[in-house]
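First residue of the sequence shown? That's 95 in this note's numbering, and the numbers climb one at a time after it. Where a beta carbon is used, it is the ideal one built from N, C-alpha and C, also for glycine. Heads up, the thing below is written out as structure tokens.
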Amino acid sequence: MIPYFGASVYDDPAIYARSSPMTYIKNVKTPTLILVGERDGECPLPQSYEYWHALKALGVETQFVVYPNEGHRISKPEHRRDTIRRAIGWFDLHLK
């Protein structure tokens, strides 16, 4: 399998570091809503938690919501409704 960035993280760690949101975390000023599935294989829960924790530590307004038994794509109807409700509420609060 060809790695996403053309090389494995072991062969070219710099390309992965340049693509990591954590590399640029100190530049973030925008209020950030993080909605994540508990079983997300694309962006694992510990990585999302680390990002949220860093935002909090840097004083960025943020909210972190984990949906149980969901993957990268939130699929349960009640969870999808909740993501929409939360996103609209977040935008209403921050885009006025």
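Contact check, residue i vs residue j, beta carbons under 8 Å
i	j	result
Val-154	Pro-125	yes
Which listed residue (the options) has its alpha carbon closest to that of residue i
i	options	result
Ile-109	Phe-99, Leu-189, Pro-115, Met-116	Phe-99
Cys-137	Gly-165, Tyr-161, Asp-105	Gly-165
Span separating the alpha-carbon of residue i from that of residue j
i	j	result
Gln-141	Leu-187	26 Å
Pro-171	Glu-132	16 Å
His-183	Pro-107	The residue asked about is misnamed: residue 183 is Gly in this sequence, not His. Each residue's alpha carbon lies about 38 Å from the other.
Gly-135	Ser-169	14 Å
Sequence-distant residues of the same chain with beta carbon closer than 8 Å to residue i, five excluded per side
i	result
Tyr-145	Pro-115, Met-116, Ile-119, Ile-128
Thr-156	Pro-125, Thr-126, Leu-127, Ile-128, Trp-146, Leu-149, Lys-150
Tyr-143	Phe-158
Three-pair Cβ contact test at 8 Å for the region 110-119 versus the region 135-152: Contact between the region 110-119 and the region 135-152 is present, because at least three Cβ pairs lie under 8 Å.
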